[in-house]
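Numbering (full-length UniProt numbering), first residue to last: 1 to 764.
Here a beta-carbon is modelled for each residue, glycine too, at the ideal position from N, C-alpha and C.
To start, the structure itself, in structure tokens.
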Amino acid sequence: MADKNIRRESRRDYHLRRSNQGHIFGKIIKWFLLIVLLVVVSGIGLFAFYVKDAPNISQDQLQSGGTSSLYTNNGKFLLSLGSEKRIYVKNKDIPQQLKDAVVSVEDKRFYNDKLGVDPIRIVGSMLTNAQSNSIAAGGSTITQQLVKLTVFSTAASQRTLKRKAQEAWLAMKVQHEFSKDQILEFYINKVFMNYGNYGMETAANYYYNKPLKNLDLAQTALIAGMPNAPVAYDPYLYPQKAKYRRNIVLKTMLQNNKITKAQYSQAANEPINRGLKPRRTQNESKIRKIDDPYVKEVISEVKSKGFDPYNNNLKITVNIDQRAQNKLYELANNGSVPFTNNKMQIGATVVDPTNGHVVAILGGRHLPSVQLGLDRAVQTGRSTGSSIKPVLDYGPAIQYLNWSTAKMIDDSKYVYPGTNIQLYDWDNKYDGMMTMRKALEQSRNVPAVKTLAEVGVKRASAFARRMGVNVSPKSGLSVAIGANASSLQMTGAYSAFATMGIYHKPQFVSKIETPDGLTRNYDSNGVRVMKKSTAYMITDMLKGVIKRGSGTSAKIADLYQAGKTGTVKYSDEDLAKYPSYNSTPKDSWFVGYTRSYVMGVWTGYDNLKDGTIAGIGQQSAQLIYKSMMTYLMRNKPNLNWEQPKSVVRAKIVNNSNPPQVASSGGTWQLFVRGHATAGVGNSAASYDEDDEETDTNSSTDNDNTNTVNTTVSRSSARSDNGSVHQSNNSEKVSSSSSSKAQSSSSSAQSQKSSQSSDHDSDKE
1 MADKNIRRES RRDYHLRRSN QGHIFGKIIK WFLLIVLLVV VSGIGLFAFY VKDAPNISQD
61 QLQSGGTSSL YTNNGKFLLS LGSEKRIYVK NKDIPQQLKD AVVSVEDKRF YNDKLGVDPI
121 RIVGSMLTNA QSNSIAAGGS TITQQLVKLT VFSTAASQRT LKRKAQEAWL AMKVQHEFSK
181 DQILEFYINK VFMNYGNYGM ETAANYYYNK PLKNLDLAQT ALIAGMPNAP VAYDPYLYPQ
241 KAKYRRNIVL KTMLQNNKIT KAQYSQAANE PINRGLKPRR TQNESKIRKI DDPYVKEVIS
301 EVKSKGFDPY NNNLKITVNI DQRAQNKLYE LANNGSVPFT NNKMQIGATV VDPTNGHVVA
361 ILGGRHLPSV QLGLDRAVQT GRSTGSSIKP VLDYGPAIQY LNWSTAKMID DSKYVYPGTN
421 IQLYDWDNKY DGMMTMRKAL EQSRNVPAVK TLAEVGVKRA SAFARRMGVN VSPKSGLSVA
481 IGANASSLQM TGAYSAFATM GIYHKPQFVS KIETPDGLTR NYDSNGVRVM KKSTAYMITD
541 MLKGVIKRGS GTSAKIADLY QAGKTGTVKY SDEDLAKYPS YNSTPKDSWF VGYTRSYVMG
601 VWTGYDNLKD GTIAGIGQQS AQLIYKSMMT YLMRNKPNLN WEQPKSVVRA KIVNNSNPPQ
661 VASSGGTWQL FVRGHATAGV GNSAASYDED DEETDTNSST DNDNTNTVNT TVSRSSARSD
721 NGSVHQSNNS EKVSSSSSSK AQSSSSSAQS QKSSQSSDHD SDKE
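Right, here's the structure in full:
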């Protein structure tokens, strides 16, 4: 009896436990379904929220090319980055073989999906990307790709959930409104195919000089595969990569049962260059040839901001002044400015210092008809010569050491610390004690190097870097008379002098508008990189360079302007190959400015064998500046710079040390208020300290602890006849920036003599 009761109780407990477990499981299912429902509803709500702002998309947009357009700041159309004429191919003329190739490699379920999006493809790409921990595979259908090319940016920064939702919505809309053949037609005619070509019919004409219908299977596969990465799969430059991509297309066609194994084998083994026409440039309009260097920099700048100018259908507003661009090109090519010969080259940049807009740029003379060719205005492999002195030597001396223009510097025999390398001036003479003003006007080398030693290379390089000129803080003292920089960088740096210390990074693009209505503006208010006193005092001295110094060939009557020359000599290695170059410069510079414009000019030769700057060519940089600045300023007010309250002006007894106020005669000199000589109005309380703040802490560096590296190549020092002393090594020493003796030294460290030309002495 007891056993029966126990069995009955066990059965009741069992059924009770089963009942409880079922109840709990039911609750879990209910909560799970509720959560799923909430997620779905939330997802639908978020999707609806995102797509309500989706841009409109029309047939005209779908049929248009994928190129971006450039406009000037006044809204005038300038040019298109694509072909001047796109060859549009209608669906009835698109070979079935090409359709099979595109669908097989891009979206094999294209004809079967009814939504315009492919959930299976999306999930597959998510799994692939999760396994590779990167974006290894895309989930976009051909319809989605078409939408993206039409109204969205392909920039990585734009791959947001909102954009993907809008892209999917528009793809579904396009799928509903257009047939599969129409969608494929739009896509085949829109894709970028390199060399300014849009659409596959245009590409067939460019690469094979025949229509799509006349291409063989291998050629068709190459064309179909290129949109994935048109530059990387360029059959001219990267034939192996192009063949790899072509064969992937062929393999997908085989897997998709569009070709036989025999067809696959024959096409996969066909040479990639079969039927390929010699690479050629398309005929461009005159404006495209003149603007080519500018367009090249626009493309580079747009890419640096995360956009693809070839596929994003962008409206790009550029800062070019087309009339100024035309004039600069004309001056370099029509013979009005003399050059040594036709091989002598030039790179020049014109900037508006008030906003950093690059007004015009010159990539060279007698430019070939090649799109996006060499732009010498941005090359950084040539030494600036003495044009670096205001940026690296005297600017920092005023900024950090409060030097006056009357500061006396000894132009006497100088040997780089830790070496036996003697530094000579351009005339192989020493002129003794002189003011900083005279040293800069006459471009004396020894005072410049001594000034840099006082400031310290580390601190001076930081000053230059804020102005866009990159000088290594480990450079030797010889960098004081020449550093590698482009005309674009030097123009930007001098712009900070022109604006009383405000630096705007030179820029070619002011605005980018995407097809979906987003606008990005890139103009800025600039940043203060030096005190007003520093900028004003440098400008005042650089006025003298043009009036009575090394830049008199750039003088324009009655114009308020300032500027600096720069000339680089050949190294001994160069002269060993070409002894006749001994008395001529290797590079010649001029950087000049008004309050309205700054212009930097480099002249020289691309190759050593091409020749040397001789005769009137030694003045070409100054002369083209003079002609161009005269043109630019014809309708601009001739404004002088206003002396800030932080600067005091006084007539000083010539060569007095310390400076003495002159009762009669003397020379006008400038002082930083609070650091002027006795007898000069010196109160520091009469100007606003805020005017002198800079966006850097570098000015607080300790003058006595700023150690500099003074590596000097033997081939930088010059003998009496201007040649370079030779030695098997160069030496490296450290010295305090406040030490005048520069007597400390350390072990030698070699430099290649090819670097020596970067620091050759100035001959002006």
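Check, Outcome
"Runs of alpha helix (DSSP H) lying entirely within the segment 563-592, each at least 4 residues, in chain order", "572-577"
"Reduced DSSP secondary structure (H/G/I, E/B, other) of G544", "helix"
"For I346, the three-state DSSP class (helix, strand or coil)", "strand"
"Reduced DSSP secondary structure (H/G/I, E/B, other) of F186", "helix"
"Local conformation of S383 per DSSP, three classes", "strand"
"Buried/exposed call for K89, threshold 16 Cβ in 10 Å", "A small correction: the amino acid at residue 89 is Val; Lys does not occupy that position in the sequence shown. By the neighbour-count rule (16 or more Cβ atoms within 10 Å), V89 is buried."
"Length at least 3, wholly inside the segment 293-325: the beta strand (DSSP E) runs in chain order", "315-318"
"Exposure label - T260; buried when at least 16 CB within 10 Å", "exposed"
"Close beta carbons around A535, own chain, < 7 Å, minus the five adjacent residues each side", "A496, F497, M500 and G501"
"Boundaries (first-last residue) of the alpha helix (DSSP H) holding Q63", "Q59 to Q63"
"Separation of A204 from A268, as counted between CA atoms", "19 Å"
"Distance, I538 Cα to I57 Cα", "56 Å"
"8 Å CB neighbourhood of A229 in its chain, flanking five on each side removed", "R245"
"Runs of alpha helix (DSSP H) wholly within the segment 428-475 (minimum 4 residues, chain order)", "436-441, 445-455 and 457-465"
"Per DSSP, the bridge partner or partners of G395", "G395 pairs with nothing; no bridge assigned."
"DSSP state of V510 mapped onto helix, strand, coil", "Per the sequence shown, the amino acid found at residue 510 is Ser instead of Val. In the structure shown, S510 sits in a strand (DSSP, three-state: E or B)."
"Cross-strand partners of G600 (DSSP beta bridge)", "T349 and V591"
"Run of the alpha helix (DSSP H) containing T667, from where it starts to where it stops", "T667 -> not in any alpha helix (DSSP H); beta strand (DSSP E) instead, spanning T667 to V672."
"Outcome for N313 when other beta-carbon atoms lying within 10 angstroms are tallied against a minimum of 16", "buried"
"Close Cβ partners of M193 (< 6 Å) along its chain, the five nearest in sequence each way excluded", "A203, M226 and P230"
"Whole-Å CB distance - G363 paired with R376, under 8 Å assumed", "6 Å"
"Residues of its chain near S510, where Cβ-Cβ distance is below 8 Å and the 5 sequence neighbours each way are ignored", "N73, T317, V318, N319, H357, N521, Y522 and D523"
"Rounded separation between Q643 and V337 - CA only", "35 Å"
"Extent of the continuous beta strand (DSSP E) to which I361 belongs", "V358 to L362"
"Residue range of the alpha helix (DSSP H) that includes V147", "I142 to V151"
"Residue(s) in a DSSP beta bridge with S80", "S69"
"Spatial neighbours of Q182 in its chain, beta-carbon cut-off 8 Å, leaving aside the 5 residues before and after", "N91"
"Residue range of the alpha helix (DSSP H) that includes T519", "No alpha helix (DSSP H) holds T519; the beta strand (DSSP E) holding it covers T519 to N521."
"Helix, strand or coil at I287 according to DSSP, with G and I counted as helix", "helix"
"Span separating the alpha-carbon of V568 from that of G592", "18 Å"
"Outcome for Q96 when other beta-carbon atoms lying within 10 angstroms are tallied against a minimum of 16", "exposed"
"Cutoff 6 Å; reference Y414; Cβ partners in own chain excluding five residues on either side", "L423 and V446"
"Segment contact, 8 Å Cβ cut-off, at least three pairs: the segment 162-172 with the segment 324-333", "no"
"V598 versus Q399 - alpha carbon distance", "22 Å"
"Burial state of S580, where buried means 16 or more other Cβ atoms lie within 10 Å", "exposed"
"Chain-order list of residues whose beta-carbon lies under 8 Å from that of N655 (same chain, five-residue window excluded)", "M408, M433, M434 and T435"
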